[in-house]
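The structure under discussion appears below in the form of structure tokens.
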Amino acid sequence: MEKTIYELRDSNIRRTYLFLVIFSLILFGIGYFFVYEFNWGTTGLIILALFIIFYNIITYVNSDKIALASVGAIPADPNEYQVLHNVVEEIAIAAGIQKPKVYIMNELQPNAFATGRNPTNASICVTTGLLSMMNREELQGVVAHEMSHIRNYDIFLMTVIGIVVGLIIILRSVALRGMWFGMGERRRNRDSGGGGNIIAIIGLVLAIIAPLLVIIIRAAISRQREYLADATGAYIVRDPYGLASALKKIGDYKKPMKTATDATAHMFISNPFAGERLLATHPPVKDRIKRLMSLTV
Amino acid sequence: MNFLILGIILVIVAWFILTYNNFVNLRNRVKNAWAQIDVQLKRRYDLIPNIVETVKGYAKHEKEIFENIAELRAKAMGATSIKDIGESNNQITGTLKTLFAVAENYPELKANEEFLKLQEELTNTENKIAFSRQFFNDIVMNYNATQQKIPANLIAGMMNLKPEEYYPVDEAEKGPVKVQF
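From first to last, the protein sequence lines are chains D and G.
Number 212 in this note's numbering belongs to position 212 of the first sequence; there are no gaps in the numbering.
Every position in the second sequence, counted from 1, becomes a number in this note's numbering once 297 is added.
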């Protein structure tokens, strides 16, 4: 058991780095095309390479803050949310990792997510709706599920996906702006065509790629990963009932989250849009409960 | 031929170093896991008198439980082996459950802010004890199993390593919940 978890963690880390390198290279390729087209020369190439490298590093270091800020999460006050802090501390001991930072999100829908880049730089965020709805055992189950994402380095993969999506959005807006800019150029000087059209094509391609990325994210954060985090979470607390009962309550809540977006949906313990959809980020709650209960002998 | 012999020697030396260091790491992890339990047990010893005092204020007649807890606490604090510490603490767990069950009969006590605070703190500590015990036993199992495997057992013998004791699990706690993969 223990060994497979470590193997899984290592393969998660390897695949995540691979993903980051491949995407950086693809982006560099696209950027190279720009540089070549505009004759920016070596300086342009160096700036491009530096931009991609620094962007990756800066986003990597700050990813958890970005993710938390994007859903409006705030640090949970240790006095006001004493039980939550206690539960997180307990589960961290059970999982054998440091206590992650604890955040709270003012939202009626019961939900939770974990973010960060490794177990020493991790955060767990839960909604106020979750806290008001769950008893201690259920809260333990949910926190144990999130703790598994942290210990398995799933959060690292999610962070890197965030980095890549962000970069593509930046490049897309640059290309789209370049497109308008290029058109203006052409109006002034009809003879120097070409460049503007190519940027327009790239802009269009990126505009098409962006929604496709959402599907890629969903494939990467496969349903299998959620089942696995459920199982690992149940193993950490040696109790599948708490999480199963929490999932049932979460599944019965049908209203969507105020701040749900495609960019953050994959982070949560259950689909923030509520209701089952095609290509959903999460397997149906019913199946998850069924699998959890089958863990019991 | 010489290279072959040299290569074999190098592989053996590398294996020796890796295995030795692995044992050192495992031993430290066991110590560290024990330290975690120890911290929680101390916390529990500190909390018990407070909670007993608070309950006493409302439920004077439950003398037997108070004496029982005080006695077990003294016994646990005086124990030295993992087995003794574990067993007396498991008894405390049972008695505390009785104490809280008794507290249910006193509505005024249940409404007491201080009591609720202490109850949450004690629940927190109880859970931490249970989880750190679970973590400790996992690590001890790994440590003991590694010592017994061939050929690492040769090095374990050279280092004079002994299998570590498990923290005893309360029979009453071993409920029907068993998770398997």
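The C-beta atom is built at its ideal place from N, Cα and C for all residues, glycine as well.
- Here G/Gly-383 is buried. Its C-beta has 16 or more other C-beta atoms within 10 Å.
- Two segments are said to touch when three or more pairs of C-beta atoms, one from each, lie closer than 8 Å; by this definition the region 404-421 of chain G touches the region 84-100 of chain D.
- In the DSSP annotation of this structure, the continuous segment of the alpha helix (DSSP H) that includes D/Arg-291 starts and ends at 285-294.
- In this structure the region 433-445 of chain G does not lie against the region 298-314 of chain G, because fewer than three pairs of beta carbons, one per stretch, are closer than 8 Å.
- With respect to the 8 Å criterion, G/Ile-366 and G/Ile-389 are classified as neighbours on the basis of their beta carbons.
- If you draw a straight line from the Cα of D/Ala-49 to the Cα of D/Leu-204, it comes to about 23 Å.
- Within chain G, no residue has its CB atom less than 7 Å from the CB of D/Ile-97, the nearest being about 10 Å off.
- Take the alpha-carbon of D/Ala-95 and the one of G/Glu-368: they are about 33 Å apart.
- G/Phe-428 and G/Ile-306 have their C-alpha atoms spaced approximately 44 Å apart.
- Out of D/Asp-230, D/Thr-59, D/Ile-163, the CA that lies nearest to the CA of D/Lys-286 is found in D/Asp-230.
- With its beta carbon less than 8 Å from one in chain G, D/Val-83 belongs to the interface.
- With respect to the C-alpha of G/Tyr-464, the residue from G/Ile-334, G/Thr-443, G/Asn-424 having the closest C-alpha is G/Ile-334.
- In this structure, DSSP gives D/Gly-72 a state outside helix and strand, which the three-state scheme calls coil.
- Going by C-alpha positions, G/Leu-338 is about 44 Å away from D/Pro-256.
- DSSP, read as helix, strand or coil, puts D/Val-126 in strand.
- According to the DSSP assignment, D/Ala-114 belongs to the beta strand (DSSP E) that extends over 112-118.
- Chain order gives the chain G residues near D/Glu-90 as Asn-421, Asn-424, Lys-425, Phe-428, where near means a beta carbon separation below 7 Å.
- In the structure shown, D/Met-133 falls within a helical segment according to DSSP collapsed to helix, strand and coil.
- Contact between D/Ile-163 and D/Ser-63 holds: CB atoms are separated by about 7 Å, below the 8 Å threshold.
- Against G/Glu-417, the close residues of chain D are Gln-82, Val-83, Asn-86, in the order they occur along the chain (beta-carbon pairs closer than 8 Å).
- DSSP places G/Met-456 in the coil class of the three-state scheme, outside both helix and strand.
- Annotation: the continuous beta strand (DSSP E) that includes D/Met-105 extends over 101-105.
- Our two residues, G/Thr-392 and D/Glu-137, have alpha carbons roughly 21 Å apart in a direct line.
- Note: D/Phe-268 is bridge-paired with D/Phe-113 in the DSSP secondary-structure output.
- Counting the other CB atoms within 10 Å of its CB gives D/Arg-288 a total of 16 or more, which places it among the buried residues.
- For D/Pro-240, same chain residues with a beta-carbon under 7 Å away, outside a window of 5 residues either side, are Ala-234, Leu-292, Met-293, Leu-295, Thr-296 in chain order.
- Runs of alpha helix (DSSP H) with 4 or more residues, each lying fully within the region 343-425 of chain G, are found at 360-375, 379-400, 404-408, listed in chain order.
- Using a Cβ distance threshold of 8 Å, D/Pro-119 and D/Gln-140 do not count as a contacting pair.
- Against chain D, a Cβ distance below 7 Å from G/Phe-432 picks out Ile-93, Ala-94, Gly-96.
- Going by DSSP, D/Ile-250 is part of the alpha helix (DSSP H) stretching over 240-252.
- Closer than 7 Å at the C-beta level to chain D, one finds these residues of the region 329-341 of chain G: Gln-333.
- Pairing D/Ser-270 with D/Asn-111 gives a Cβ-Cβ distance under 8 Å.
- In this structure G/Leu-458 does not touch G/Asn-347 by the C-beta definition: roughly 41 Å separates them, more than the 8 Å allowed.
- Around the Cβ of D/Ser-123, a 10 Å sphere holds 16 or more other Cβ atoms; the residue is buried.
- Under the Cβ distance rule, D/Arg-291 does not count among the residues neighbouring chain G, no pair being separated by less than 8 Å.
- When the Cα atoms are used, G/Asp-343 and G/Thr-351 turn out to be separated by approximately 14 Å.
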